[in-house]
Amino acid sequence: MTRFIMRRLAEIVPVLFVIVTLVFFMIRLAPGGPFDTEKSVPPEVLENLEAYYHLDQPLYRQYLMYLGRLVHGDLGPSFKNSNFSVNELIGLGFPVSLELGLYALAVALVIGLASGISASLKPNSARDYVPMSLAMAGICIPNFVLGPLLVLVFALWLGWLPSSGWDGPLYKILPALTLGAAYAAYIARLTRGSMLEVLSQDFIRTARAKGLSEARVVLRHALRGGIQPVVSFLGPAAAGLLSGSFVIETIFQIPGLGRLFVQAAFNRDYTMILGTVLFYASLILVFNLAVDVIEAFLDPRIREEHRNHA
Amino acid sequence: MPLLDIDNLRTWFYTRNGVVRAVDGVSLQVEPGETLGIVGESGSGKSVANLSYLGLVPSPPGRIVSGTAMFDGIDLIKAPGPVLRSIRGKRISMIFQDPMTALNPYMTVGKQVMEPLLVHDGLGRAEAADRAVQMLESVGLQDAAGPEARMRAYPHQLSGGMRQRVMIAMALVTHPQLLIADEPTTALDVTVQAQILELIKQMQQRLGTAMILITHNLGVIAGTCDRVLVMYAGRFLESATTRDLFYSPRHPYTRALMDSMPSARKPGEDLYTIPGLPPELTSEIVGCPFAPRCAHAKDVCRRRPALLQEVAPNHATACTRVQAGEL
Amino acid sequence: MPDAMQNGEILEQGGPSGAEKGTSLWKDAFHRLGKNRLALCGGIFLAFMVALSLATPWLAPYAYDAQDLKLGAASPSAGHWLGTDTLGRDQFTRILYGGRISLMVGFAATAVSLLVGVLYGAIAGYVGGRTDSVLMRIVDILYALPFTIFVVILMVFFGRNMMLLFLAIGAVQWLTMARIVRGQVLSLKQADFIDAAVVLGYSRRRIILRHIIPNVLGPVIVYTTLTIPNVMLLEAFLSFLGLGVQAPMSSWGVLIKEGADVMEEYPWLLLFPSIALSATLFALNFLGDGLRDALDPRAAKD
Ligand SMILES: Nc1ncnc2c1ncn2[C@@H]1O[C@H](COP(=O)(O)OP(=O)(O)OP(=O)(O)O)[C@@H](O)[C@H]1O
Ligand SMILES: [Mg+2]
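Residue numbers (the numbering used here), protein chains in the order written: chain A, 251 to 560; chain B, 2 to 328; chain C, -10 to 291.
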């Protein structure tokens, strides 16, 4: 297992390298630059600015310089927020996004797993249809619709919850629900499907024939196999929870990394864009690795495969 | 007093394509310690009949329409869930056909064998583990590194025969009074089949367990069972001691089955097959279910319900014509 | 968010289903689909929406950019069934035109992903060996990319034109399709009935045309149906961020964004486009689910 993890970690570096290179040249070869909008800036100041950020150098030199700093973990200064480095900005925004993402994940897992399992135990009954219809709704009502609707009802009409900001527990309810809803829906459907599949297998009948309680049959025998697709889904879901927060953070005006990234993209803040993309990509890669490790932990056959391939 | 006494059991499946009368009015008794064989073609309802009184028929679509199954004064059909569960896996155990899929792939063999002890006998982990090791040893699951190493194995690491040995250990570890073996050797290599059958017999004798052995192989019956029931289209057509069944089969279906055994033919001769197919179970069968394929069928066979009746001591058959002495 | 909603995961795990039975399988599938009322409603609703958007130029009561500044945002009335927006533009007309764009993006971008994904997956699966492992490794790596971010960058830096939107979205969505097709082709290559066809001496062409393509088609159709709503979501998401289609053109995402900005005063401006988008997504998902159940007899058992 350790060897498997080591090998996968070693693979992350080249992938990140490819991403940096791709994004670097993509945004640099595109027309426009970070100082386009500031029309009032006199030419000599602009020149100074460009010199300061080395924008006057050949592109490959800039690329090499960027890589050179990257090796030391330095993502460079932000072009737009000139008082901050990209590292600092990520340090400010990410904890907020992380908190939001974790709440949403908790919402998604608790609601999704519970309703999915419960539906699979009584298929084609009200206990199946009601949550599964809700799940379908969760998938078909996108978060940028759900968010404003929730705000309209609970903040503007009923006045129970604040409509935007990130100041206390009450502020976190609507964003977490909005972000988590679609994932809860998806996890519920996934769980129901795979639990039904597992529950129809022979070894479940064996477990019942052993006289185990239904709870034990479900928890000890079915659940391991039943949640495997959910675990695999958590990799992309984590990515989605992070990037999905663009919209949520915009709607609820939350000072998270998602909003910073969208602003950076609009402002062509080169270093900030590169920095956030790299940061997101590393997160996703590490998360996918974690998912693989959990899968191996759940299924002895996968574990063996890893051992054989290591 | 019989250990298990089943009367007029009917289990039907309510499917989209109609009601499948998978088990349609069967009765049987098992005495303590005896071995009862149930033989029949695929789809005749052998598995469903036995899963029914253990409460293991998937529902929906399955439903037990009528019948009682008395086990030690308790009607298993009506027994509440907890009572049934306290019997299942403790006093009545089951071995399934396919050891590849019947064991939990996510759990070590040891945990699976220990589980009935933990649940039913309230043993502690250490004690249960000891008993499981002993049991695995006595079913012949050896390992160069000792039986403890086998406890830690996962099913996919074992061969088919080894897995079936695990199933046997798991079923017998609680010393049940009745073992239901549903085609325990069908999925195995021919060479392994005999070993497994021998093992089951040995273990059964050692523990004094009664057994219902389900099979479509008459050869398996011959070497193992005291009594045999012949099942066809959800009903029993003949009931006899093994000896009587083989030496003087009475029902035309049983005789056809005997004829279709490869060993009943001389080398080089064509194999015999019964013409036609078993009936659809979705429509009610009024007369004898075998009549459409039977060489001796007359009009009355299709009209009159065929019920099991004794035609000789301890030998019952459901053929009206045999009962009337015409065959 | 949209790229995480890979409906394909469930499909990917199943091999070819009920493979060899060719035509009767399709007949059965149609039969089962016909019996699935939700899927049927979804299909009908979808056909209706497509017809509406094709006929929009003749149907729409107003020009899509006709303003009535004096009127401003008015609630639904006989003259304006779904009300008007802050510039006095007829909301019903705007939703019709927005639907045209949203559906077009949905179909066109799905077509891009279909083309790329099927070709890529089929080549990887059919050629096999090293080519396969290299191609699939690339897919694995691409899977790990934060795609929504990529699309955002693309749209910001290369202007917001429709072609690019199709390409960007299509490029995001082909990965799962490639995996599904490859998996199907691989397992078909090893399937007994293909061996049988080889033994019988059928030509490669015949094997591909008569056996492989029909069997790959099922999952591809299902996944395509489920890709369209994903794509429409992604488009709406970009439009919501201000990166999609540009004024005075509109899509449902744009309308939702505009509605959300003024929802306190004029809630109908948020409500109606949201209903239009969600209803279409429902229809597509029901149809997709129905198709999956119909084409995979194992999954349809209960
Ligand atoms: N879940 C179910 N739904 C519908 N019909 C069922 C179900 N389970 C069993 N049946 C039907 O019940 C009948 C009897 O099946 P059963 O499994 O008891 O046969 P069997 O005699 O054990 O056959 P085999 O030798 O193949 O194991 C079959 O016709 C089968 O189609
Ligand atoms: Mg059976």
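Don't be surprised by glycine CBs; every beta carbon is placed ideally from N, CA and C.
For residue i, tell me which candidate among the options has the shortest Cα-Cα distance.
{"i": "residue 189/B", "options": "97/B, 273/B, 181/B and 248/B", "result": "97/B"}
{"i": "residue 210/C", "options": "89/C, 26/C and 170/C", "result": "170/C"}
{"i": "residue 389/A", "options": "352/A, 521/A and 428/A", "result": "428/A"}
{"i": "residue 322/B", "options": "316/B, 289/B and 259/B", "result": "289/B"}
{"i": "residue 180/B", "options": "162/B, 169/B and 187/B", "result": "169/B"}
{"i": "residue 305/A", "options": "285/A, 317/A and 490/A", "result": "285/A"}
{"i": "residue 135/B", "options": "194/B, 123/B and 149/B", "result": "149/B"}
{"i": "residue 1/B", "options": "309/A, 556/A, 450/A and 398/A", "result": "Nothing can be reported for residue 1/B: it is not among the residues displayed for chain B, which extend from 2 to 328."}
{"i": "residue 45/B", "options": "234/B, 88/B and 309/B", "result": "234/B"}
{"i": "residue 232/B", "options": "309/B, 159/B and 220/B", "result": "309/B"}
{"i": "residue 276/A", "options": "527/A, 532/A and 535/A", "result": "527/A"}
{"i": "residue 246/C", "options": "398/A, 377/A, 360/A and 274/A", "result": "398/A"}
{"i": "residue 228/B", "options": "250/B, 207/B and 208/B", "result": "250/B"}
{"i": "residue 387/A", "options": "431/A, 268/A, 251/A and 406/A", "result": "431/A"}
{"i": "residue 19/B", "options": "285/B, 316/B and 306/B", "result": "285/B"}
{"i": "residue 115/B", "options": "123/B, 155/B, 103/B and 130/B", "result": "130/B"}
{"i": "residue 150/C", "options": "193/C, 139/C and 228/C", "result": "228/C"}
{"i": "residue 306/B", "options": "320/B, 191/B and 316/B", "result": "320/B"}
{"i": "residue 102/B", "options": "174/B, 122/B and 159/B", "result": "159/B"}
{"i": "residue 255/B", "options": "238/B, 264/B, 93/B and 53/B", "result": "238/B"}
{"i": "residue 222/C", "options": "266/C, 251/C and 134/C", "result": "266/C"}
{"i": "residue 259/C", "options": "35/C, 244/C, 268/C and 272/C", "result": "244/C"}
Sorted by chain position, which residues of the same chain lie with C-beta nearer than 6 Å to residue i's C-beta, five sequence neighbours on each side aside?
{"i": "residue 106/C", "result": "163, 166 and 167"}
{"i": "residue 261/A", "result": "none"}
{"i": "residue 335/A", "result": "327"}
{"i": "residue 120/C", "result": "none"}
{"i": "residue 70/C", "result": "81"}
{"i": "residue 32/C", "result": "276"}
Can you give me the Cβ contacts of residue i inside the same chain, cut-off strictly under 7 Å, excluding the 5 residues immediately before and after it?
{"i": "residue 21/B", "result": "13, 14, 282 and 283"}
{"i": "residue 544/A", "result": "481"}
{"i": "residue 153/B", "result": "109 and 111"}
{"i": "residue 223/B", "result": "243 and 247"}
{"i": "residue 263/A", "result": "none"}
{"i": "residue 276/B", "result": "294"}
{"i": "residue 315/A", "result": "304"}
{"i": "residue 165/B", "result": "100, 185, 189 and 197"}
{"i": "residue 445/A", "result": "366, 367, 370, 472 and 476"}
{"i": "residue 58/C", "result": "76 and 77"}
{"i": "residue 327/B", "result": "none"}
{"i": "residue 10/C", "result": "For residue 10/C, the pLDDT reaches just 45, beneath the cut-off of 50, and the residue's location in the model is therefore unreliable, although a value from the coordinates is still provided. Nothing meets the Cβ criterion."}
Would you mind giving the Cβ-Cβ distance between residue i and residue j, rounded to the nearest angstrom? I have them listed as a contact below 8 Å.
{"i": "residue 95/B", "j": "residue 55/B", "result": "7 Å"}
{"i": "residue 504/A", "j": "residue 346/A", "result": "6 Å"}
{"i": "residue 248/C", "j": "residue 224/C", "result": "Incorrect: roughly 16 Å between the Cβ atoms, too far for contact."}
{"i": "residue 325/A", "j": "residue 498/A", "result": "With a Cβ gap of about 24 Å, residue 325/A and residue 498/A do not count as contacting."}
{"i": "residue 39/C", "j": "residue 92/C", "result": "7 Å"}
{"i": "residue 225/B", "j": "residue 41/B", "result": "With a Cβ gap of about 16 Å, residue 225/B and residue 41/B do not count as contacting."}
{"i": "residue 144/C", "j": "residue 160/C", "result": "The pair is not a contact, with the Cβ atoms about 12 Å apart (cut-off 8 Å)."}
{"i": "residue 296/B", "j": "residue 253/B", "result": "7 Å"}
{"i": "residue 151/B", "j": "residue 459/A", "result": "With a Cβ gap of about 22 Å, residue 151/B and residue 459/A do not count as contacting."}
{"i": "residue 204/B", "j": "residue 173/B", "result": "6 Å"}
Keeping to the same chain, check which residues put their C-beta closer than 8 Å to that of residue i; ignore five residues upstream and five downstream.
{"i": "residue 422/A", "result": "349, 350, 353 and 416"}
{"i": "residue 9/B", "result": "26, 27, 28, 67, 68 and 69"}
{"i": "residue 231/C", "result": "246"}
{"i": "residue 267/A", "result": "none"}
{"i": "residue 99/C", "result": "159, 162, 213, 216, 217 and 220"}
{"i": "residue 532/A", "result": "262 and 266"}
{"i": "residue 293/C", "result": "In this structure chain C extends from -10 to 291, so residue 293/C is not present and cannot be described."}
Q.
Going residue by residue through the stretch 231 to 276 of chain C, where are the continuous beta strand (DSSP E) segments of at least 3 residues, counting only ones entirely within it?
A. With a minimum length of 3 residues, no continuous beta strand (DSSP E) run stays inside the stretch 231 to 276 of chain C.
Q.
So if I measure from each beta-carbon to every heavy atom of ligand 2 and keep distances below 7 Å, which residues remain?
A. Spelled out in chain order, the answer is 47/B, 48/B, 98/B, 183/B, 184/B and 215/B.
Q: With a floor of 4 residues, list each alpha helix (DSSP H) that falls wholly inside the stretch 213 to 263 of chain B, ordered by position along the chain.
A: 219 to 225, 243 to 248 and 253 to 260
Q. Mind pulling the alpha helix (DSSP H) runs of 4 or more residues that sit fully within the stretch 79 to 143 of chain B?
A. For the stretch 79 to 143 of chain B, the full-length alpha helix (DSSP H) segments reaching 4 residues or more read 82 to 88, 100 to 103, 110 to 121 and 126 to 139 along the chain.
Q.
Quick check on the DSSP output: what are the complete alpha helix (DSSP H) runs of length 4 or more inside the stretch 375 to 460 of chain A, in order along the chain?
A. If only uninterrupted alpha helix (DSSP H) runs of at least 4 residues are considered, those enclosed by the stretch 375 to 460 of chain A are 376 to 390, 393 to 400, 419 to 449 and 452 to 459.
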